[in-house]
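Note that the protein sequences, when read in sequence, are chains U and V.
Under this note's numbering, think of the first position of the first sequence as 58, with each following residue one higher.
Under this note's numbering, think of the first position of the second sequence as 115, with each following residue one higher.
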Amino acid sequence: MPEAVKRYSTFADRVNPLVKIFVAVGLFLTVILIHDPNHLFHLAIIMFILLFILSGVKYIYIALLTGAILFFGFISSLYMIFYGEGTTTIFRLGIIHVTEESAVRGLHIMMRGITLSFFGALIVFTTRITDVFYSLMQQGRLKPKYAYSFMAAVRMVPIIAGEYMALRRARKVRRALIHRKYISGLRGFISTLVTLLSQSIRRAWRLGVAMESKGFDDGPRTYYHRTTYSIHDLHFVLLILLGVILSAFLGEWFSPFDTVDAR
Amino acid sequence: MAKRKGLTLTDVLITVVIALVFSFVYSIWGGVYTALEPLGLHLNQLLYGMWFIAAVVAYLVIRKPGVALIAEFAAASGETIVMLQFDVMLIVYGLIQGLACEIVFAIVKYKSTSLMVAVIAGISAALATFPLDWYYGYLGQLATWNLLLMFGFRVLSGALIAGWLAHLLYRALKETGVLKLVGNGHAAEEGL
Chain U
58 MPEAVKRYST FADRVNPLVK IFVAVGLFLT VILIHDPNHL FHLAIIMFIL
108 LFILSGVKYI YIALLTGAIL FFGFISSLYM IFYGEGTTTI FRLGIIHVTE
158 ESAVRGLHIM MRGITLSFFG ALIVFTTRIT DVFYSLMQQG RLKPKYAYSF
208 MAAVRMVPII AGEYMALRRA RKVRRALIHR KYISGLRGFI STLVTLLSQS
258 IRRAWRLGVA MESKGFDDGP RTYYHRTTYS IHDLHFVLLI LLGVILSAFL
308 GEWFSPFDTV DAR
Chain V
115 MAKRKGLTLT DVLITVVIAL VFSFVYSIWG GVYTALEPLG LHLNQLLYGM
165 WFIAAVVAYL VIRKPGVALI AEFAAASGET IVMLQFDVML IVYGLIQGLA
215 CEIVFAIVKY KSTSLMVAVI AGISAALATF PLDWYYGYLG QLATWNLLLM
265 FGFRVLSGAL IAGWLAHLLY RALKETGVLK LVGNGHAAEE GL
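Now the structure itself:
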């Protein structure tokens with residue numbers, strides 16, 4: 058994550074990336090198993106608080122991100138609110154049938170999404186992408202050829218973006234000369250993609266041959282950038298675990314929803 | 115380049131780069147996908163096949179075991195890299211869809227590049243995440259007609275986008291001659 062958006066750094070920055078990923082998968086499974094909307098409501102709030110405190114990112118970015126997460130979370134739950142089954146009708150218009158049950162269920166799905174998004178944002182703000190791959194190699198025993206090809210490919214992202222912009226500009230300049238069908242619609246989509254893909258494959262091939270001859274192919278190897286497990290990892294796991302348990306108790310203490318089962 | 119059976123670093127690198135190009139498409143696609151969501155009629159499911167097109171294209175280009183899985187993982191994590199948005203769900207889904215494609219390709223022993231194989235891989239990837247969606251999105255509690263609509267759109271999209279469109283892209287790529295560089299050089303023997 059670029060340092061420009063950070064205000065301060067916390068212990069979350071020093072947690073091993075592999076641990077973060079495992080916690081993220083664990084949280085995903087936990088969220089699927091939670092059916093009590095009150096529990097999930099508090100878990101979403103706790104995740105937001107963790108993001109707010111631990112990420113150390115400037116407030117404006119957190120505000121923008123939170124807005125986006127809430128908005129997209131709501132939109133992606135509309136299918137259930139509108140068409141879910143239920144008996145207590147709130148609103149009916151044509152094929153849209155909003156019931157109390159479907160509304161709660163829809164909000165539950167939305168809270169699942171935002172809980173995971175808040176946690177995901179925390180990880181993005183506290184992890185360097187290259188560290189993920191170093192950690193995968195050093196702690197996760199991933200073969201170097203996979204990790205280094207990912208890292209090399211990440212470096213190509215700006216080049217791909219630049220190429221796309223160049224292609225757009227080139228087409229703009231020659232607009233009068235090219236038939237429309239090659240620019241818009243499916244034809245245009247394919248011609249753009251084929252251009253980007255073929256250039257990228259060529260570049261990747263050249264780089265791949267160079268890297269293979271320099272011995273990036275197989276181990277054993279030593280590392281300049283070292284990642285290790287530390288006490289911070291334990292703190293992080295315990296913190297998230299505590300959050301999940303605490304939210305269950307909070308859900309009983311303060312219940313914004315009448316039901317305890319969204320199904 | 116020496117002919118080797120397993121995946122070389124170059125193979126992996128090319129796979130990942132293909133996936134990253136698609137993760138740009140995903141980032142744009144995501145906007146369209148979301149824009150179609152509010153109706154709740156699952157029109158967005160018609161676009162669903164795009165999420166695993168990378169696996170099919172990468173397989174058609176390289177044709178080695180593991181490529182589809184790596185491509186899907188890279189494309190899913192590529193969204194994190196391009197959009198700076200980490201979503202565990204995305205990566206779990208990506209891996210499952212990649213695995214589904216991988217199984218189809220293993221059945222044809224990583225040889226066939228026919229349209230049919232691409233379409234079947236697309237459909238199986240479309241179906242692969244359905245059980246997970248069932249639990250996550252409480253699909254069992256959805257009105258039946260709405261559920262069927264979602265199911266139908268998704269399968270159709272898997273076949274059309276991940277199957278047919280991926281194959282179209284592959285043929286276009288083949289014409290550029292760039293595939294001579296890739297894999298075991300089998301493309302060169304096909305007279306390119």
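Quick reminder that beta carbons are idealized off the backbone N, C-alpha and C, glycines included.
Please read all numbers here as calculations on a predicted model, not as lab measurements.
The three-state reading of DSSP puts U:F148 in strand, counting E and B together.
In this chain, the alpha helix (DSSP H) harbouring U:I180 covers E157 to T183. According to DSSP, V:K223 shares a beta bridge with no other residue. The beta carbon of U:K238 sits closer than 6 Å to the beta carbons of R244 from its chain, once the five residues preceding and following it are set aside; these are given in chain order.
Contact with chain V is found for U:I132, since one of that chain's Cβ atoms lies less than 7 Å from the residue's Cβ. 7 Å or more divides the Cβ of U:D188 from the Cβ of U:P277. Here the alpha carbons of U:R212 and V:Q159 stand approximately 32 Å from one another. Within 10 angstroms of the beta-carbon of U:L90 lie fewer than 16 other beta-carbons, which makes it exposed.
Of U:F139, U:I180, U:L253 and U:T145, the smallest CA-CA separation from V:V202 is found for U:I180. The C-alpha of U:V155 is placed about 6 Å away from the C-alpha of U:I138. In this structure the region 165–185 of chain U lies against the region 131–149 of chain U, because at least three pairs of beta carbons, one per stretch, are closer than 8 Å. Nearest to U:S287 by C-alpha distance, out of U:S241, U:S192 and U:D315, is U:S192.
Taking the beta carbon of U:Y205 as reference, the chain V residues within 8 Å of it are L123, listed in sequence order. Its chain contains F190, Y191, L193 and M194 as the residues whose beta carbon lies nearer than 8 Å to that of U:A204, once the 5 sequence neighbours on both sides are disregarded; these appear in chain order. Proximity of U:G265 to chain V, defined by a Cβ-Cβ separation below 7 Å, is satisfied. Neighbours of V:H156 in chain U, taken as residues at a C-beta separation under 7 Å, are given in chain order as Y136.
In this structure, DSSP gives V:K288 a helical state, which the three-state scheme calls helix. For U:Q196, the closest of U:V294, U:L84, U:K77 and U:R226 by C-alpha to C-alpha distance is U:K77. Non-local beta-carbon contacts of U:R283 in its own chain, meaning distances under 8 Å to residues more than five positions away in sequence, involve Y191 and Q195 in chain order.
Residue U:G177 holds the alpha-carbon nearest to the alpha-carbon of U:F109 among U:G177, U:T87 and U:P94. In the structure shown, the three-state DSSP call for U:V114 is strand.
Cβ atoms of V:V146 and V:L161 come within 8 Å of each other, at about 6 Å. Between U:S112 and U:F182, the C-beta spacing is below 7 Å.
Bounds of the alpha helix (DSSP H) holding U:R212 are P201 to V230.
7 Å or more divides the Cβ of U:K202 from the Cβ of U:D315. Look at the region 220–254 of chain V: the residues with a C-beta under 7 Å from a C-beta of chain U are Y249, Y250, G251 and Y252.
Within chain V, no C-beta atom comes less than 7 Å from the C-beta of U:F79; the nearest is roughly 10 Å away. At a cut-off of 7 Å between C-beta atoms, V:V218 does not count as an interface residue with respect to chain U. Under the 7 Å criterion on CB atoms, U:L296 is classed as non-interfacial with respect to chain V.
A distance below 6 Å between beta-carbons, with the five flanking residues on each side excluded, links U:E158 to the following residues of its chain, in chain order: G143. Using a C-beta cut-off of 8 Å, the region 127–138 of chain V makes no contact with the region 226–235 of chain V, since fewer than three inter-stretch Cβ pairs fall below that distance.
Nearest CB-CB separation between V:F265 and chain U: not below the 7 Å threshold. Closest by C-alpha distance to V:G272, out of V:A239, V:L123, V:I195 and V:A149, is V:A239. Contact with chain V is absent for U:S304, since none of that chain's Cβ atoms lies less than 7 Å from the residue's Cβ. Near chain U, meaning a CB-to-CB distance below 7 Å, the residues of the region 156–185 of chain V are H156.
Fewer than three beta-carbon pairs drawn from the region 224–241 of chain U and the region 251–269 of chain V are found closer than 8 Å, and the two stretches are therefore not classed as touching.
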